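Here's the structure we're looking at; comments come further down.
Numbering (UniProt numbering), first residue to last: 1 to 804.
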């Protein structure tokens with residue numbers, strides 16, 4: 001991160017809206033426009049905004065009996081306060097248009113904002129655009145989209161290849177007297193705003209890890225990282241300034257925020273984004289389906305890398321294992337109960353000062369000889385995950401070192417700032433590492449590398465949301481300007497430390513984040529209550545985050561806090577967790593299965609075994625994230641965004657391209673009734689083989705030992721061998737199961753290779769048996785079976801084709 005010119009220059013008084021296009025030009029990079037702006041202000045207690053222009057300039061109604069009294073003398077001097085700005089239009093693909101507005105008072109030619117680190121360093125090459133003037137309009141077009149700008153009064157429309165309006169500026173929506181609700185694009189001294197029109201039956205989703213309903217219409221969102229204190233408080237750990245419309249477009253506001261997004265609230269037909277940066281940098285992506293738009297979005301913001309294979313095994317955790325003996329007891333319990341496990345997590349008790357402090361000073365009393373401990377556990381198949389946070393206790397001996405070297409965030413007086421919005425029982429202030437300072441980041445990396453040298457495999461990047469608004473960062477920005485960047489750079493710094501130290505791709509476990517956090521997997525959903533509401537809200541957050549930072553996300557199986565999960569809740573959460581991108585059991589009370597009785601232990605073991613068998617498919621879904629920029633866990637609209645019914649489905653998800661999971665969100669016993677909604681296509685019940693043609697909605701009775709799982713018919717599902725940890729399970733052999741469909745072709749991605757499968761039915765005339773054509777870069781398939789629609793299973797002959 002480099003030092004940047006501060007944008008809060010305090011040289012502009014009032015709020016301005018873009019009114020006119022004054023001039024324009026074109027070069028190889030795109031189109032540049034000079035814009036005229038006029039001052040405006042809200043009407044106050046009445047909906048709408050007003051400028052100081054004459055009524056005819058504002059488009060106000062003159063015939064209303066209750067029209068407000070405004071000077072309408074066209075010959076009167078124009079009292080309008082004016083300003084100006086530049087607008088840059090560029091295209092990074094035929095379906096990606098970038099709109100950047102820079103007010104003149106910023107006095108900068110920097111309109112890229114690359115210093116934030118949100119965009120990748122090497123953006124896609126610009127594609128050419130055409131510019132056509134048509135009287136009152138300018139059409140700026142790629143081969144797929146047209147951005148139509150109206151010269152005066154300024155507005156815009158985004159058109160697809162057929163000339164249909166995909167979206168448009170919201171400045172034309174007015175109240176009865178003609179006053180607009182919001183400007184299409186506006187700015188002030190240190191803020192900017194834009195609005196879009198929401199069409200009837202248009203749904204908006206995304207905006208980060210939102211625990212509220214998946215459809216955002218009618219709600220407002222403050223995009224600023226907070227300690228959520230749970231998943232039902234209205235606060236979020238991971239906001240993100242990207243949203244998607246059911247009309248087939250995505251909008252990404254590039255910048256650190258904070259931002260406020262009003263989605264049809266209070267005006268049902270207007271979506272407004274208020275950005276606490278005077279520069280506005282907006283990417284509009286349209287003309288392709290949702291998976292393709294996410295691919296284009298991650299071409300700008302980066303993609304996840306697939307973590308090591310052991311990460312896809314089970315993680316067992318607790319807040320807290322108070323000492324080494326308790327951790328080893330949990331490890332031996334997992335093996336004694338024959339429940340596969342690859343990762344054990346240690347929360348703050350590994351530290352001497354273990355309350356809101358991470359000074360990397362290991363407690364030899366609680367966890368003696370950590371290097372030997374981790375080496376022994378690794379021999380038994382357990383990797384160690386270790387907790388940290390970016391705060392330092394004043395009582396720690398390394399806080400003075402951080403102070404002396406300028407590694408801490410400062411307050412307005414120049415003294416180290418105090419962590420905000422986070423409780424501390426002892427009353428001592430906690431200081432924050434300044435991640436805007438490259439030297440501080442390097443220092444933090446070296447501290448983490450010391451842990452890695454001891455044998456730590458993965459680091460849990462907890463907290464990071466406590467930056468005070470009034471703090472000052474080393475790059476000159478305020479703490480509020482950095483609230484969203486802070487957790488991003490925190491995770492990035494730790495991930496880079498692992499990357500520099502290890503041969504395998506790095507893995508962190510982060511609570512907070514921002515746009516592009518998918519580059520540094522994984523994230524988890526924070527601290528849910530141990531209740532069915534906590535499970536439901538967690539899933540909402542995961543579905544929303546999947547469309548905001550598409551990568552690898554998970555949740556605390558069993559819930560984090562509360563009275564402790566009931567047996568039924570624990571089982572239902574474990575079933576969902578076993579089919580999530582990563583599976584970590586965690587909470588304030590024990591989460592090991594044997595604490596919930598023999599039945600729970602048996603059911604959890606069965607689902608964990610299923611997870612281990614499905615690891616090749618989980619890895620394939622992760623490689624789809626690396627290759628295409630897709631999330632591992634996906635809302636159903638990923639399969640068909642045109643089906644508006646799927647937007648209302650919050651208890652189901654796709655894991656990868658071929659498996660659909662239905663969560664059970666009630667403790668009804670002995671069975672629960674759940675609604676199943678299937679997207680278009682052929683789907684087969686994983687348990688019974690029954691075939692369904694979607695779109696379809698129906699109810700199922702579900703016993704406690706199962707949850708509904710459906711397989712996309714025709715997909716090849718790879719089942720690996722079982723074992724107690726991935727280290728003892730061969731990765732080079734599997735069995736292929738295919739559920740019958742009119743078309744049976746599928747691809748499984750593994751370690752940079754593509755394994756392709758095609759089912760050929762029997763031919764009685766030729767006397768040939770049914771077979772599976774396996775196009776494999778190296779042989780892996782040992783057996784193959786076809787699950788027919790009548791429930792029978794047929795053995796398939798295997799024909800191997802080796803790729804060249």
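Cβ atoms here follow ideal geometry from the backbone N, Cα and C, with glycine treated the same way.
Predicted model, so just to flag it, every value in this text is computed and none were measured.
>> On the DSSP bridge list, what partners appear for residue 736?
In response: Working through the chain shown from its first residue, we reach residue 736 at position 736. By DSSP's assignment, residue 736 forms a beta bridge with 718 and 784.
> Does the count of Cβ pairs from the region 241-256 and the region 556-568 closer than 8 Å reach three?
Replying inline: With the rule of 3 Cβ pairs closer than 8 Å, the region 241-256 does not count as touching the region 556-568.
> Out of 63, 202, 217 and 118, which has the shortest C-alpha to C-alpha gap to residue 176?
Replying inline: Working through the chain shown from its first residue, we reach residue 176 at position 176. Minimum Cα distance to residue 176 is reached at 63.
> Which value, in whole angstroms, describes the spacing of the CA atoms of residue 260 and residue 212?
Replying inline: In the chain shown, the residue the question calls residue 260 occupies position 260. In the chain shown, the residue the question calls residue 212 occupies position 212. It is roughly 16 Å from the alpha-carbon of residue 260 to the alpha-carbon of residue 212.
> From residue 127 to residue 198, what does the alpha carbon distance come to, in whole angstroms?
Replying inline: Residue numbering aside, residue 127 sits at position 127 when the chain shown is read from its first letter. Residue numbering aside, residue 198 sits at position 198 when the chain shown is read from its first letter. Approximately 29 Å between the Cα atoms of the pair.
> By Cβ distance, which residues of its chain are closer than 8 Å to residue 4, with the 5 residues on each side in sequence left out?
Replying inline: By 1-based counting over the chain shown, the position of residue 4 is 4. Bear in mind that a pLDDT of 32 at residue 4, under 50, signals an unreliable position, so the model cannot answer this.
>> Going by DSSP in three states, residue 147 sits in which element: helix, strand or coil?
In response: Position 147 of the chain shown, counted from the first residue, corresponds to residue 147. Collapsing the DSSP output to three states places residue 147 in a strand.
> What's the call for residue 165, buried or exposed, on a 16-neighbour Cβ count within 10 Å?
Replying inline: As a working note, residue 165 is residue 165 in the chain shown. Exposed.
> Roughly how many angstroms separate the alpha carbons of residue 238 and residue 170, rounded to a whole number?
Replying inline: By one-based count along the chain shown, residue 238 stands at place 238. By one-based count along the chain shown, residue 170 stands at place 170. In this structure, the alpha-carbon of residue 238 lies about 27 Å from that of residue 170.
> Where in the region 285-335 do unbroken runs of the alpha helix (DSSP H), each at least 4 residues long, occur, reported from the N-terminal end onward?
Replying inline: Secondary structure within the region 285-335: the alpha helix (DSSP H) runs of 4 or more consecutive residues, fully enclosed, are 290-301 (chain order).
> From residue 299 to residue 318, what distance separates their C-alpha atoms?
Replying inline: Here residue 299 refers to the residue found at position 299 when the chain shown is read from its first residue. Here residue 318 refers to the residue found at position 318 when the chain shown is read from its first residue. It is roughly 37 Å from the alpha-carbon of residue 299 to the alpha-carbon of residue 318.
> Does the region 92-99 touch the region 221-238, meaning 3 or more C-beta pairs lie closer than 8 Å?
Replying inline: Here the region 221-238 makes no contact with the region 92-99; the two share fewer than three CB pairs at distances below 8 Å.
> Mind checking residue 688: buried by the 16 CB within 10 Å criterion, or exposed?
Replying inline: Counting from 1 along the chain shown, the entry for residue 688 is found at position 688. Exposed is the call here.
>> For chain D, check one thing: does any of its Cβ atoms lie closer than 8 Å to the Cβ of residue 253?
In response: Included in the structure is just one protein chain, with no chain D present.
> For residue 540, does the count of other Cβ atoms within 10 angstroms reach 16, so buried, or fall short, so exposed?
Replying inline: Counting from one through the chain shown, the residue named residue 540 turns up at place 540. Its Cβ being crowded by 16 or more others within 10 Å, residue 540 is buried.
> Less than 8 Å separating the beta-carbons of residue 81 and residue 186?
Replying inline: The residue you call residue 81 lines up with position 81 of the chain shown. The residue you call residue 186 lines up with position 186 of the chain shown. Going by C-beta atoms, residue 81 is not nearer than 8 Å to residue 186.
>> Suppose only complete runs of 4+ residues qualify. What are the alpha helix (DSSP H) ranges in the region 602-631, listed by chain order?
In response: If we require 4 residues or more, the alpha helix (DSSP H) runs fully inside the region 602-631 come out as 615-628.
> Leaving out the 5 sequence neighbours to the left and right, which residues in its chain are closer than 7 Å to residue 671 when beta-carbon positions are compared?
Replying inline: Stepping through the chain shown from its first residue, residue 671 is reached at position 671. Closer than 7 Å at Cβ, skipping near neighbours: 701, 702 and 703.
> What is the residue span of the alpha helix (DSSP H) that residue 275 lies within?
Replying inline: Residue numbering aside, residue 275 sits at position 275 when the chain shown is read from its first letter. Here residue 275 belongs to no alpha helix (DSSP H); instead the beta strand (DSSP E) covers 270-275.
>> Measuring alpha carbon to alpha carbon, tell me which residue in 410, 358 and 246 is nearest residue 643.
In response: Within the chain shown, numbered from 1, the residue matching residue 643 stands at position 643. That would be 246, whose Cα lies nearest to the Cα of residue 643.
>> In this structure, how does DSSP classify residue 125 when only helix, strand and coil are distinguished?
In response: The residue you call residue 125 lines up with position 125 of the chain shown. In the structure shown, residue 125 sits in coil (DSSP, three-state: anything other than H, G, I, E or B).
> Is DSSP giving residue 637 helix, strand or coil here?
Replying inline: If you number the chain shown from 1, residue 637 lands on position 637. Correct three-state label for residue 637: helix.
> If you run the structure through DSSP and keep just helix, strand and coil, what is residue 813?
Replying inline: This structure leaves residue 813 out entirely; the chain is present only between 1 and 804.
>> Buried or exposed, going by whether 16 or more other CB atoms sit within 10 Å of the CB of residue 800?
In response: Counting from one through the chain shown, the residue named residue 800 turns up at place 800. Per the 10 Å Cβ criterion, exposed.
>> With H, G and I counted as helix, E and B as strand and the rest as coil, what does DSSP make of residue 338?
In response: As a first step, residue 338 must be located in the chain shown, where it is residue number 338. In the structure shown, residue 338 sits in coil (DSSP, three-state: anything other than H, G, I, E or B).
> Any contact of the region 513-522 with the region 488-495, i.e. 3+ C-beta pairs under 8 Å?
Replying inline: Verdict: yes, contact present.
> If we call anything under 8 Å between Cβ atoms a contact, is residue 51 one with residue 154?
Replying inline: Taking the chain shown and counting its residues from 1, one reaches residue 51 at position 51. Taking the chain shown and counting its residues from 1, one reaches residue 154 at position 154. If you check the CB distance, residue 51 and residue 154 do not come in under 8 Å.
> Should residue 326 and residue 270 be called a contact, given that it needs their Cβ atoms to be closer than 8 Å?
Replying inline: For this step, residue 326 is matched to residue 326 along the chain shown. For this step, residue 270 is matched to residue 270 along the chain shown. Result no, Cβ atoms of residue 326 and residue 270 do not sit closer than 8 Å.
>> According to DSSP, simplified to helix, strand and coil, what is residue 104?
In response: Counted from its first residue, the chain shown places residue 104 at position 104. Taken through DSSP and simplified to helix, strand or coil, residue 104 comes out as helix.
> How would you call residue 616, buried or exposed, if buried means at least 16 neighbouring beta carbons within 10 angstroms?
Replying inline: On the chain shown, position 616 is the one that residue 616 refers to. By the 10 Å Cβ count, residue 616 comes out buried.
>> Taking only three categories from DSSP, how would you classify residue 570?
In response: Position 570 of the chain shown holds residue 570. The answer is helix: DSSP assigns residue 570 an H, G or I state.
>> Please return the same chain residues whose Cβ sits closer than 7 Å to the Cβ of residue 306, not counting the five positions on each side in sequence.
In response: The residue given as residue 306 occupies position 306 in the chain shown. Same-chain partners within the cutoff: 505, 619, 622, 623 and 626.
> Cα separation between residue 767 and residue 308?
Replying inline: As a first step, residue 767 must be located in the chain shown, where it is residue number 767. As a first step, residue 308 must be located in the chain shown, where it is residue number 308. If you take the alpha carbons of residue 767 and residue 308, they lie about 45 Å apart.
> How is the alpha helix (DSSP H) around residue 370 delimited, first residue to last?
Replying inline: On the chain shown, position 370 is the one that residue 370 refers to. Counting along the chain, the alpha helix (DSSP H) containing residue 370 begins and ends at 370-379.
> So does the region 785-801 actually touch the region 757-774, counting three or more Cβ pairs closer than 8 Å?
Replying inline: Judged by Cβ distances under 8 Å, the region 785-801 makes contact with the region 757-774, as three or more pairs qualify.
> Do residue 340 and residue 595 have their CB atoms nearer than 8 Å?
Replying inline: Position 340 of the chain shown, counted from the first residue, corresponds to residue 340. Position 595 of the chain shown, counted from the first residue, corresponds to residue 595. The Cβ atoms of residue 340 and residue 595 lie no closer than 8 Å to each other.
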